[in-house]
Amino acid sequence: MARALVNVPKRARMGEIIEIKALVSHPMESGYRVGLNGAVIPRDIIRLFTCGYNGVEIFRAEFSPAVAANPFMSFSTLALESGTLTFRWTGDKDFEVVETAEIVVE
Amino acid sequence: MSARILLALAAAAGASLALAADIPPEQRRSAYADMSPELRAIQDDDAANPASLWVLDGEALWNEHAGAAQKSCADCHGAGGALKGAAARYPRFDAALGAPVDLEQQINICRTERQKATPLAWESHALLALTAFVARQSRGEKISVAEDPRARPFVDAGRRLFTERRGQINLSCAQCHNDNWGKSLAGAPIPQALPTAYPIYRLEWQAMGSLRRRLRNCLSGVRAELWPQESRNYVDLELFLMSRANGMTLESPGARP
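Protein chains in written order, with our numbering: chain A, 1 to 106; chain B, 1001 to 1257.
What follows is the structure, encoded as C-alpha cells:
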C-alpha cells in the first residue's frame, strides 16, 4: 500500500511564507544489503520528488540510497495564488505516487 | 568482625535490596522524555510521524469486508473513534480463554471468530496498521490494565519473567530497566521499560513494530533464546510492563530512536 500524507495550510495570506510537509510510504531498499540467501537485494528507492504549484515546479529533490525508509520532506514557499499543489514521487520499479492539496490565498 | 564493617555490610545488603525494587511512581517517566527535541517533534506532529501511514492503512482495513462472514470491523464497532480508550486497557483478561490477550491477539480473535477470516501474521503490515489505528484512538488516555483480579496471577508470572536472569549475558530485564535506567548502554539511554507508546515507529527498524518485537529485540540483546511466537510469556510480560505504567498517558503510536 503506497501512501502519501501531505500537509499544506488550507488558507494563507497573499505573500505569506507557508510550510509544506510531505511524507510517503516507501521501503528505500538501498541495493547494498545482502539477503538471507547471500544474494544482494536489488535497489528499490525513490529517485525524484517534485512539488508543483499550479503547474509551476517550486521544489525538487533527488533521493539517494542513503535516504531512510518512509522519507519526510519539509520545505516552504510563498503563497501567491489560490490553486493546487501537486506532489509526485517517482522511483525504481515504476514507483509513482501523486498527491494533491488545495490552498486558498486571500 | 567490627561493628563498623557489619554496619557497612548491612548497608550494602539494604542498598542491593533497594536496587531490585520497582521504580517509585513519582520517578516514572516515558522514554519520550529522553528523546531529542527533533524526535519528539516527529511524535507530536501527525503530519511528520511515519506511524500515520500505518494509521491510514489501518483505517482502510477497518472498513474492509473480510472473511467468510464478509463483515468489516466497522460493521460491529462503528466508524473510527468507537474504540477510544480501549488500547489503554490492553492486555486485558479474556474470560473465554482464561488468560490475558494483547491488542494484536484481540484483533485476531475478532478476525477468526466474528469475520471468520484467517488470522493476520505477527508483525504483518495489516496487523500493525489495525493496531496503530485502534491505539491512535486512545492517545492521551490513562493506562489502566490488570484491574481484573483474575489477571493477577499473570501479572505475577510477568514479574517473574522480568526479574529472572536469562541469556549468555545472564541479565534480567530488571537489572537494566529498574536498576540502571537513565544510564547509557552503547550510547543510548536505558529506558524504564514503560510501554506507553506501542505500536511504535522505530527509526532503527525504519518501520512500525509491536511491543512483542521490542521484547524479542531485548531477548536477543541479552543473547537469550527467543520464545516462540505462540509463547504465553510475551503476553504475561506485556501485561506486567503495562501494569507498571498504570496511570501514565498512552502516546500511541509513538516514534522512538
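Note that CB positions come from ideal geometry on N, CA and C, so glycine has one too.
Three-way DSSP call (helix, strand, coil) for residue i in this model
{"i": "B:A1197", "result": "coil"}
{"i": "B:G1209", "result": "strand"}
{"i": "B:S1052", "result": "helix"}
{"i": "A:Y53", "result": "strand"}
{"i": "B:G1058", "result": "helix"}
{"i": "B:P1100", "result": "strand"}
{"i": "A:R47", "result": "strand"}
{"i": "B:L1226", "result": "coil"}
{"i": "B:T1163", "result": "helix"}
{"i": "B:G1221", "result": "helix"}
{"i": "B:I1107", "result": "helix"}
{"i": "A:G15", "result": "coil"}
{"i": "B:I1005", "result": "Its pLDDT being 47, under 50, B:I1005 is placed unreliably by the model, and the measurement read from it follows with that caveat. Three-state DSSP puts B:I1005 in a helix."}
{"i": "B:V1145", "result": "coil"}
{"i": "B:P1025", "result": "helix"}
{"i": "B:T1131", "result": "helix"}
{"i": "B:E1113", "result": "helix"}
{"i": "B:S1138", "result": "coil"}
{"i": "B:D1094", "result": "strand"}
{"i": "A:V104", "result": "strand"}
{"i": "A:S30", "result": "coil"}
{"i": "B:P1153", "result": "helix"}
{"i": "B:V947", "result": "Since the first residue of chain B shown is 1001 and the last is 1257, residue 947 of chain B is not available in this structure."}
{"i": "B:A1041", "result": "helix"}
{"i": "A:G83", "result": "strand"}
{"i": "B:A1240", "result": "With the sequence shown as reference, residue 1240 of chain B is identified as Phe, and Ala is not the correct amino acid for it. Of the three classes helix, strand and coil, the one that applies to B:F1240 here is helix, per DSSP."}
{"i": "B:G1254", "result": "strand"}
{"i": "B:A1031", "result": "helix"}
{"i": "A:R3", "result": "coil"}
{"i": "A:R88", "result": "strand"}
{"i": "B:L1185", "result": "strand"}
Cβ distance (whole Å) where residue i is taken to contact residue j below 8 angstroms
{"i": "B:D1022", "j": "B:N1178", "result": "6 angstroms"}
{"i": "A:F59", "j": "A:F75", "result": "5 angstroms"}
{"i": "A:R47", "j": "A:T90", "result": "6 angstroms"}
{"i": "B:L1237", "j": "B:L1161", "result": "5 angstroms"}
{"i": "A:R3", "j": "B:L1130", "result": "Wrong, their Cβ atoms sit about 15 angstroms apart, outside the cutoff."}
{"i": "B:A1197", "j": "B:Y1032", "result": "7 angstroms"}
{"i": "B:R1159", "j": "B:F1240", "result": "5 angstroms"}
{"i": "B:E1141", "j": "B:A1088", "result": "4 angstroms"}
{"i": "A:M28", "j": "A:I45", "result": "5 angstroms"}
Within 7 angstroms, strictly: CB atoms of residue i and residue j
{"i": "A:T100", "j": "A:G52", "result": "no"}
{"i": "B:A1255", "j": "B:I1042", "result": "yes"}
{"i": "B:L1250", "j": "B:I1107", "result": "no"}
{"i": "A:N70", "j": "B:P1050", "result": "yes"}
{"i": "B:S1243", "j": "B:V1145", "result": "yes"}
{"i": "B:A1069", "j": "B:K1116", "result": "yes"}
{"i": "B:A1151", "j": "B:P1100", "result": "yes"}
{"i": "B:W1054", "j": "B:A1132", "result": "yes"}
{"i": "B:V1235", "j": "B:D1148", "result": "no"}
{"i": "A:P65", "j": "A:S25", "result": "no"}
{"i": "A:A79", "j": "A:A12", "result": "yes"}
{"i": "B:P1257", "j": "B:L1203", "result": "yes"}
{"i": "B:G1081", "j": "B:E1059", "result": "no"}
{"i": "A:F72", "j": "A:L23", "result": "yes"}
{"i": "B:S1036", "j": "B:E1104", "result": "no"}
Nearest-angstrom Cα separation, counted from residue j out to residue i
{"i": "A:V56", "j": "B:S1072", "result": "42 angstroms"}
{"i": "B:L1061", "j": "B:A1086", "result": "18 angstroms"}
{"i": "A:E102", "j": "A:G83", "result": "6 angstroms"}
{"i": "A:L5", "j": "B:R1165", "result": "44 angstroms"}
{"i": "B:L1019", "j": "B:I1190", "result": "Caution applies to B:L1019, whose pLDDT of 49 falls short of 50 and renders its modelled position unreliable; the model cannot decide the point."}
{"i": "B:P1199", "j": "B:L1128", "result": "7 angstroms"}
{"i": "B:R1111", "j": "A:V105", "result": "47 angstroms"}
{"i": "A:E19", "j": "B:A1048", "result": "12 angstroms"}
{"i": "A:G38", "j": "B:W1205", "result": "21 angstroms"}
{"i": "B:A1121", "j": "B:Q1229", "result": "10 angstroms"}
{"i": "B:D1034", "j": "A:E81", "result": "43 angstroms"}
{"i": "B:G1219", "j": "B:R1114", "result": "According to the sequence shown, residue 1219 of chain B is Leu rather than Gly. For B:L1219 and B:R1114, the distance between alpha carbons rounds to 34 angstroms."}
{"i": "B:D1045", "j": "A:K21", "result": "11 angstroms"}
{"i": "B:S1138", "j": "B:S1172", "result": "31 angstroms"}
{"i": "A:I17", "j": "A:T77", "result": "6 angstroms"}
{"i": "A:G15", "j": "A:N54", "result": "16 angstroms"}
{"i": "B:G1030", "j": "B:A1066", "result": "In the sequence as displayed, the identity of residue 1030 of chain B is Ser instead of Gly. Between B:S1030 and B:A1066, the C-alpha separation is close to 37 angstroms."}
{"i": "B:A1188", "j": "A:Y32", "result": "26 angstroms"}
{"i": "B:L1006", "j": "B:R1212", "result": "Low confidence applies to B:L1006: its pLDDT is 46, below 50, so where it sits in the model is not reliable enough to give any reading."}
{"i": "B:Q1175", "j": "B:L1215", "result": "15 angstroms"}
{"i": "B:E1026", "j": "A:K93", "result": "52 angstroms"}
{"i": "B:K1084", "j": "B:R1232", "result": "27 angstroms"}
{"i": "B:I1317", "j": "A:V98", "result": "Not covered by the structure: residue 1317 of chain B. The range shown for chain B is 1001 to 1257."}
{"i": "A:K10", "j": "B:S1052", "result": "20 angstroms"}
Review point. Taking one C-beta from the stretch 1213-1228 of chain B and one from the stretch 1086-1099 of chain B each time, how about it: are there three or more such pairs within less than 8 angstroms?
Key: no
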